[in-house]
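Heads up: the sequence shown begins at 1 in my numbering, then just goes up one per residue.
For every residue, glycine included, the Cβ atom is placed at its ideal position computed from N, Cα and C.
Working notes, structure below.
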Amino acid sequence: MVALALVAGGVWLAVGSDSGDDGGGGKGGDSASGTVDAQLLNKIPMPKVDELVNTPGMWVTDKNWVKSDVNKIVGYPLAGGAAAWEIPLKGELCWASPQVTEAGLTAVLFQDDSTDNPVCTQIGLVDLKKGKLLWTKQGRETGEWASDRPIMFDEVSIGGDTVAAGGISGGAAWSIDGKPLWMPDDDEDCSDNGYVGEGPKLIAVRECEVSGSPQLEVQTVDPKTRAVKSSYKVTSGIEYAHVVSTDPLVIGVNAGDSSGAGVSDFLAIDDSGKEGKLLSKFGMQGGKYEADCEATNVGGCAEIAVSKSANKLYLGTDYRASAASGPSNEIVAIDLKTGKVTAKADGAEGGPLVPVSLDKDGSLIAYQEATLSQGSAVWRVDTKSYEKKKLMQNPEETAFIESVSLHHQVIYAGGRLYIGNSSASKPSTDSSDPDKKSPLALVLGAK
């Protein structure tokens, strides 16, 4: 299963787990044979707005390419074209779960503009195949001192057929059929900051205050009851933990990151027992390796891929902007048992390569970022030989759009590249060419 994850201030990419196989290490070469010279297949114009409006969320199913818009979600044909369906929402989107069930269901968090002070209180279950909002729910506190006001959430996820939302006010969950499973208890001293689901698993990050300092626990929970199956205590004093992968369980923590990535270390955890055990730790070394995690959210790490079969974590190294020629970075494989780099693949000239996902045979899919003069590209890295092959080269006409869009989301599926902005904004006054205004979304591929 492949799950998208938000890059803070950057590109939305995919965090993936695979069902393929992987083997030894090494440092491979590259191949350009069979590269598709992609063309612009479709472009969705940027909505007219007076101020920045969040539009997080983009998904690809076997039927549609789906993009969040201003106060709505819209489904398009896979190769582009006029909208096939549209789901109106009560207000602005706050968060969109990248996880999609086998039935094509996902979860979103949005505002209710009918209130005097709209905040993120509305949880919705969306059928991406049928283009329908199946239900909308609100969370409410329980306990003696509970307020009757709807709870404001920060994020939402779906796993084990459970929709779970969390934030500073605690966590709540519903079954796929809309039945409430649990709500925050105002009488408790601990709360669920957020959840990440994937397939049958659901991971919660729970925060308690111990002697004036935050104490985080990463808990593998029963999606139906929230019973704790396994719990790992994060080092006391660390304020934020991010779930990168549920199976294997990999988390990111910020223990003094100075690079702006929102994460300083990745931890691999064995959650097979009641007490989670640390298997390995890999440090980002102050920006030597690239990843990007939402500063305070449990979900939202990106530029990372995790392989269950290979037990590897894949990261890109820092972009060498000063390189006159040759690869601008590398992609490395980290063994989750040891926390050591075991292999690497050279990047390419131009923009850096960042991990996107893993395909069915376990190969790594990487996105090469665009520069002002060169379109982006998609590469496949063989995780046995670490040789790479360029799958798609995108045209120069989209290079400007990609390179100046600071918050965009990327999905590579079915031989096409889907790129969508995670916010709608006024046209940039810095644009040298009015015809190159950033669209809300576009599709690239072979005609």
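With 16 other CB atoms within 10 Å as the buried threshold, where does residue i fall?
{"i": "Gly-445", "result": "buried"}
{"i": "Glu-141", "result": "buried"}
{"i": "Arg-380", "result": "buried"}
{"i": "Thr-101", "result": "buried"}
{"i": "Leu-440", "result": "buried"}
{"i": "Asp-22", "result": "Confidence is the limiting factor: at Asp-22 the pLDDT is only 38, short of 50, which leaves the residue's position unreliable, though a coordinate-based value still follows. So Asp-22 ends up on the buried side."}
{"i": "Ile-168", "result": "exposed"}
{"i": "Val-210", "result": "exposed"}
{"i": "Arg-206", "result": "buried"}
{"i": "Gly-273", "result": "exposed"}
{"i": "Asp-37", "result": "exposed"}
{"i": "Ser-264", "result": "buried"}
{"i": "Pro-427", "result": "exposed"}
{"i": "Trp-12", "result": "Because the pLDDT of Trp-12 is 41, which lies under 50, any placement of that residue in the model is unreliable, and the question is left without a value."}
{"i": "Gly-383", "result": "What sits at residue 383 in the sequence shown is Thr, not Gly. Thr-383 is buried by the Cβ-count criterion."}
{"i": "Pro-56", "result": "buried"}
{"i": "Leu-52", "result": "exposed"}
{"i": "Leu-125", "result": "buried"}
Going by C-alpha distance, which of the options is nearest residue i?
{"i": "Gly-81", "options": "Leu-128, Ile-44 and Ala-424", "result": "Ile-44"}
{"i": "Asp-335", "options": "Leu-313, Lys-437, Phe-153 and Asp-318", "result": "Leu-313"}
{"i": "Leu-89", "options": "Gln-111, Glu-294 and Gly-339", "result": "Gln-111"}
{"i": "Ser-231", "options": "Glu-275, Gly-260, Glu-239 and Ala-305", "result": "Glu-275"}
{"i": "Ile-123", "options": "Pro-77, Lys-179 and Lys-344", "result": "Lys-179"}
{"i": "Ile-269", "options": "Val-250, Ala-261, Gly-351 and Gln-285", "result": "Val-250"}
{"i": "Leu-40", "options": "Thr-398, Gly-415 and Ala-424", "result": "Thr-398"}
{"i": "Asp-116", "options": "Pro-98, Lys-130 and Gly-91", "result": "Gly-91"}
{"i": "Ala-261", "options": "Lys-277, Leu-267 and Gln-285", "result": "Gln-285"}
{"i": "Gln-393", "options": "Gly-415, Ser-425, Gly-300 and Ala-79", "result": "Gly-415"}
Does DSSP classify residue i as helix, strand or coil?
{"i": "Gly-197", "result": "strand"}
{"i": "Ser-403", "result": "helix"}
{"i": "Gln-285", "result": "helix"}
{"i": "Thr-136", "result": "strand"}
{"i": "Thr-383", "result": "coil"}
{"i": "Thr-142", "result": "strand"}
{"i": "Glu-397", "result": "helix"}
{"i": "Pro-118", "result": "coil"}
{"i": "Thr-296", "result": "coil"}
{"i": "Thr-225", "result": "coil"}
{"i": "Lys-130", "result": "coil"}
{"i": "Val-2", "result": "With a pLDDT of 33 at Val-2, under the threshold of 50, the modelled position of that residue is not reliable, and no figure is offered here."}
{"i": "Pro-214", "result": "strand"}
{"i": "Gly-362", "result": "coil"}
{"i": "Lys-41", "result": "Note that residue 41 corresponds to Leu in the displayed sequence, not to Lys. Strand."}
{"i": "Pro-439", "result": "coil"}
{"i": "Ala-343", "result": "strand"}
{"i": "Ala-103", "result": "coil"}
{"i": "Pro-355", "result": "strand"}
{"i": "Ala-424", "result": "strand"}
List the DSSP bridge partners of residue i.
{"i": "Met-392", "result": "Val-36 and Val-378"}
{"i": "Ile-411", "result": "Tyr-418"}
{"i": "Gly-252", "result": "His-242 and Phe-266"}
{"i": "Gly-124", "result": "Val-108 and Thr-136"}
{"i": "Thr-235", "result": "Its beta-bridge partners do not exist; DSSP assigns none."}
Got a sec: does the ligand GDP put a non-hydrogen atom nearer than 7 Å to the Cβ of residue i?
{"i": "Ser-259", "result": "By its list of ligands, the structure shown contains no ligand whatsoever, and the ligand GDP lies outside what it can speak to."}
Inside the segment 59-101 only - beta strand (DSSP E) runs reaching at least 3 residues: 64-69, 72-77, 85-88 and 93-96
In chain order, which continuous runs of the beta strand (DSSP E) of length 3 or greater are located wholly inside the segment 157-208?
162-166, 172-175, 180-182 and 190-198
Go through the segment 306-341 residue by residue and report every complete run of the beta strand (DSSP E) that reaches 3 residues or more, in order.
312-317 and 330-335
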